[in-house]
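Okay, so here's the structure we're looking at.
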Amino acid sequence: MHNKITKEELLARAQKPQQDAMRLHPFYQGKMQTMPKCCIRDFNDFAIWYTPGVAEPCKAIKAEKERVYELTNKWNSVAVVSDGTRVLGLGDIGPEAGLPVMEGKALLFKYLGGVDAVPICLDTKDPDEIIQAVKWLQPSFGGINLEDIANPKCFYILDVLRREMDIPVWHDDQQGTAAVILAGLTNALKIVGKKKDEISLAVIGAGAANIAILRVLFSDGFKPANTIVVDSKAILHPGRKDMEEKQAQYAEKWRLCQITNSERRTGGIAEALQGTEVCLALSKSGPGVIQPEWVKSMAKDAILFACANPIPEIWPWEAKEAGARIVATGRSDFPNQVNNSIGFPGIFRGTLDVKAKTITDEMCIAAAYELAKCAEDRGINEDNIAPTMGEWEVYIREAVAVGMKAQEQGVARVKISREDLTERAEAMIKSARETVALLMKEGFIAPAPEESTGQ
Numbered sequence: 043m044h045n046k047i048t049k050e051e052l053l054a055r056a057q058k059p060q061q062d063a064m065r066l067h068p069f070y071q072g073k074m075q076t077m078p079k080c081c082i083r084d085f086n087d088f089a090i091w092y093t094p095g096v097a098e099p100c101k102a103i104k105a106e107k108e109r110v111y112e113l114t115n116k117w118n119s120v121a122v123v124s125d126g127t128r129v130l131g132l133g134d135i136g137p138e139a140g141l142p143v144m145e146g147k148a149l150l151f152k153y154l155g156g157v158d159a160v161p162i163c164l165d166t167k168d169p170d171e172i173i174q175a176v177k178w179l180q181p182s183f184g185g186i187n188l189e190d191i192a193n194p195k196c197f198y199i200l201d202v203l204r205r206e207m208d209i210p211v212w213h214d215d216q217q218g219t220a221a222v223i224l225a226g227l228t229n230a231l232k233i234v235g236k237k238k239d240e241i242s243l244a245v246i247g248a249g250a251a252n253i254a255i256l257r258v259l260f261s262d263g264f265k266p267a268n269t270i271v272v273d274s275k276a277i278l279h280p281g282r283k284d285m286e287e288k289q290a291q292y293a294e295k296w297r298l299c300q301i302t303n304s305e306r307r308t309g310g311i312a313e314a315l316q317g318t319e320v321c322l323a324l325s326k327s328g329p330g331v332i333q334p335e336w337v338k339s340m341a342k343d344a345i346l347f348a349c350a351n352p353i354p355e356i357w358p359w360e361a362k363e364a365g366a367r368i369v370a371t372g373r374s375d376f377p378n379q380v381n382n383s384i385g386f387p388g389i390f391r392g393t394l395d396v397k398a399k400t401i402t403d404e405m406c407i408a409a410a411y412e413l414a415k416c417a418e419d420r421g422i423n424e425d426n427i428a429p430t431m432g433e434w435e436v437y438i439r440e441a442v443a444v445g446m447k448a449q450e451q452g453v454a455r456v457k458i459s460r461e462d463l464t465e466r467a468e469a470m471i472k473s474a475r476e477t478v479a480l481l482m483k484e485g486f487i488a489p490a491p492e493e494s495t496g497q
């Protein structure tokens with residue numbers, strides 16, 4: 043089955059990244075380091091880069107604060123900030139346990155987008171303390187990437203910071219996920235010949251990611267009335283007394299109770315999937331969260347995105363056997379990866395290159411359309427609906443689309459032509475990739491040890 047690969051072999055393949063991670067993380071003892079980007083011809087150059095020469099750029103910035111973007115690396119620096127309260131599918135594991143994920147995020151920022159990112163895990167769960175800490179970081183960074191912060195406080199933190207800071211702040215589990223899901227869904231709908239304003243949609247999970255996805259999808263023309271949302275307890279609808287009683291705390295979920303589910307369905311995931319054409323699941327790590335018999339009840343040519351980490355809500359081969367025509371996950375070892383990794387590096391590249399003050403939903407939608415177009419240009423099919431991390435030119439096109447939209451919306455600090463944006467993004471991304479290749483070639487990054495055979 044599935045090109046003569048058995049279920050056991052597929053399962054073993056799915057578990058291999060975790061095994062390799064525990065072998066290679068202790069070998070490298072971390073994934074990121076600090077490297078100079080200026081020339082050091084001899085020790086006399088430190089008089090330029092440090093004292094006494096450095097006093098001159100300091101005085102220039104004192105006189106005109108915006109020159110910090112010209113005279114330091116602030117323009118290309120992003121802080122990846124987390125409190126470790128909702129890490130991948132692992133939940134509240136704490137800031138130290140979340141650090142490997144934030145380092146990984148910083149690695150993807152650099153290699154895929156040419157962005158210098160710093161992982162920062164905060165030893166507090168208090169949303170107001172997190173807000174204050176991020177505000178204190180503002181002078182040193184050109185952007186903030188909030189990561190793996192629990193719902194509902196993540197909405198409050200993001201809203202306050204976006205309102206009160208003058209550098210872009212976003213929560214990648216929200217806008218980043220939304221952009222990539224929209225890109226994949228756009229192409230999936232093309233393949234099955236269905237329209238976004240006509241399809242029925244079931245959304246499994248009502249956390250930060252799905253709430254943001256729905257906000258973006260509705261802005262793009264998907265219909266709330268045709269959408270059914272299931273949280274950890276049941277389908278959302280106006281009769282959910284538990285939501286009504288906590289509407290101040292869960293304002294976004296209560297709003298979804300009001301505007302979705304025109305059929306007023308009740309029940310759980312099984313009832314939500316019955317007869318629906320598209321399922322977007324970003325809930326808890328599987329497998330077994332979505333049962334094959336529930337997929338069988340979906341409409342003909344069903345589309346299923348099972349995007350929980352580290353294990354999807356249902357194994358892709360099970361969903362296919364149950365009748366889903368197109369299946370996507372968040373993992374790179376299965377077809378149709380719809381993961382933030384093809385979104386945030388390019389989106390931030392374009393944002394930083396125009397020194398944007400924020401990242402709007404329209405910038406994310408522009409990125410989604412460009413991602414979808416990149417895949418369509420080289421050909422899409424049922425097992426290939428979105429670009430992959432290996433298609434590095436995608437990040438350039440995405441960055442340009444975002445930078446142009448930011449200028450169009452008036453949130454960019456500078457005006458740059460499409461041609462110059464393309465040249466800049468290409469140079470930054472190419473430099474990052476070639477630097478890693480050179481460091482590996484010269485042995486400054488040690489080769490990964492061969493896996494032990496046990497013999």
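In this text, residue positions in the sequence shown follow our numbering: the first is 43, and each later residue adds one. Glycine included, every Cβ here is placed at the ideal spot set by N, Cα and C.
Between which residues of its own chain and residue i is the CB-CB distance below 6 Å, once the five residues before and five after are set aside?
{"i": "Lys525", "result": "Nothing can be reported for residue 525: it is not among the residues displayed for the chain, which extend from 43 to 497."}
{"i": "Gln216", "result": "Ala250 and Ala254"}
{"i": "Ala417", "result": "Asn229, Ala428 and Pro429"}
{"i": "Val453", "result": "Ala398, Lys399 and Thr400"}
{"i": "Arg455", "result": "Lys397"}
{"i": "Ala89", "result": "Gly95"}
{"i": "Arg282", "result": "Cys299"}
Can you round the beta-carbon distance between residue i and residue j to whole angstroms, since I take them to be within the 8 Å contact cut?
{"i": "Gln345", "j": "Ala230", "result": "Note that residue 345 is Ile in the sequence shown, not Gln. Contact flag correct, Cβ pair sits at about 5 Å."}
{"i": "Glu319", "j": "Ala341", "result": "5 Å"}
{"i": "Ser473", "j": "Leu150", "result": "Between Leu150 and Ser473 the Cβ distance is about 16 Å, and since that is not below 8 Å, they are no contact."}
{"i": "Pro137", "j": "Asp165", "result": "5 Å"}
{"i": "Asn187", "j": "Val122", "result": "5 Å"}
{"i": "Glu189", "j": "Asp214", "result": "6 Å"}
{"i": "Asn303", "j": "Ile277", "result": "7 Å"}
{"i": "Ile241", "j": "Asn268", "result": "7 Å"}
On the CB-based measure, 16 or more other CB atoms within 10 Å of its CB, does residue i come out buried or exposed?
{"i": "Cys81", "result": "exposed"}
{"i": "Phe183", "result": "buried"}
{"i": "Leu324", "result": "buried"}
{"i": "Thr48", "result": "exposed"}
{"i": "Asn381", "result": "buried"}
{"i": "Ser374", "result": "exposed"}
{"i": "Asn423", "result": "exposed"}
{"i": "Ser119", "result": "buried"}
{"i": "Gly263", "result": "exposed"}
{"i": "Gln449", "result": "buried"}
{"i": "Trp178", "result": "exposed"}
{"i": "Asn378", "result": "buried"}
{"i": "Leu227", "result": "buried"}
{"i": "Ala361", "result": "buried"}
{"i": "Arg466", "result": "buried"}
{"i": "Lys79", "result": "exposed"}
{"i": "Gly432", "result": "exposed"}
Here's a check: name, in chain order, each residue in its chain whose Cβ is nearer than 8 Å to the Cβ of residue i, leaving out the five neighbours to either side.
{"i": "Arg460", "result": "Val442 and Met446"}
{"i": "Gly309", "result": "Ala276 and Ile277"}
{"i": "Gly146", "result": "Lys73"}
Between the alpha carbons of residue i and residue j, how many angstroms are there, rounded?
{"i": "Lys397", "j": "Lys107", "result": "14 Å"}
{"i": "Ile125", "j": "Glu404", "result": "In the sequence as displayed, the identity of residue 125 is Asp instead of Ile. In a straight line, the C-alpha of Asp125 is about 28 Å away from that of Glu404."}
{"i": "Phe260", "j": "Leu243", "result": "12 Å"}
{"i": "Glu294", "j": "Asn115", "result": "37 Å"}
{"i": "Leu154", "j": "Arg475", "result": "8 Å"}
{"i": "Glu305", "j": "Ile311", "result": "15 Å"}
{"i": "Arg160", "j": "Tyr111", "result": "Here residue 160 is Val; the residue named in the question, Arg, does not match the sequence. Rounded to whole angstroms, Val160 to Tyr111 spans 17 Å at the Cα level."}
{"i": "Arg439", "j": "Glu287", "result": "46 Å"}
{"i": "Met43", "j": "Ala366", "result": "With a pLDDT of 41 at Met43, under the threshold of 50, the modelled position of this residue cannot be trusted; read the value that follows with caution. Between Met43 and Ala366, the C-alpha separation is close to 16 Å."}
{"i": "Gln75", "j": "Tyr92", "result": "20 Å"}
{"i": "Met285", "j": "Glu50", "result": "42 Å"}
{"i": "Arg204", "j": "Pro210", "result": "7 Å"}
{"i": "Pro354", "j": "Asp425", "result": "16 Å"}
Taking C-beta to C-beta, are residue i and residue j nearer than 8 Å?
{"i": "Asp395", "j": "Ile471", "result": "no"}
{"i": "Arg297", "j": "Ile270", "result": "no"}
{"i": "Pro194", "j": "Tyr292", "result": "yes"}
{"i": "Ala370", "j": "Phe347", "result": "yes"}
{"i": "Ile368", "j": "Ile233", "result": "yes"}
{"i": "Pro352", "j": "Leu130", "result": "yes"}
{"i": "Val436", "j": "Thr393", "result": "no"}
{"i": "Val157", "j": "Arg420", "result": "no"}
{"i": "Ile407", "j": "Gly218", "result": "no"}
{"i": "Ile199", "j": "Ile172", "result": "yes"}
{"i": "Val222", "j": "Leu413", "result": "yes"}
{"i": "Pro334", "j": "Glu363", "result": "yes"}
{"i": "Ala248", "j": "Asp273", "result": "yes"}
Going by beta carbon distance, what residues of the same chain come within less than 7 Å of residue i, once the five residues before and after it are set aside?
{"i": "Phe376", "result": "Pro358"}
{"i": "Gln316", "result": "Ser339"}
{"i": "Gly140", "result": "Ser124, Gly126, Val129, Cys163 and Asp190"}
{"i": "Ala225", "result": "Ala410, Leu413, Ala414 and Ala428"}
{"i": "Gln180", "result": "Met207 and Ile209"}
Should residue i be counted as a contact of the ligand COA given a C-beta to heavy atom distance under 7 Å?
{"i": "Arg460", "result": "The ligand COA is absent from the structure shown, which contains no ligands of any kind."}
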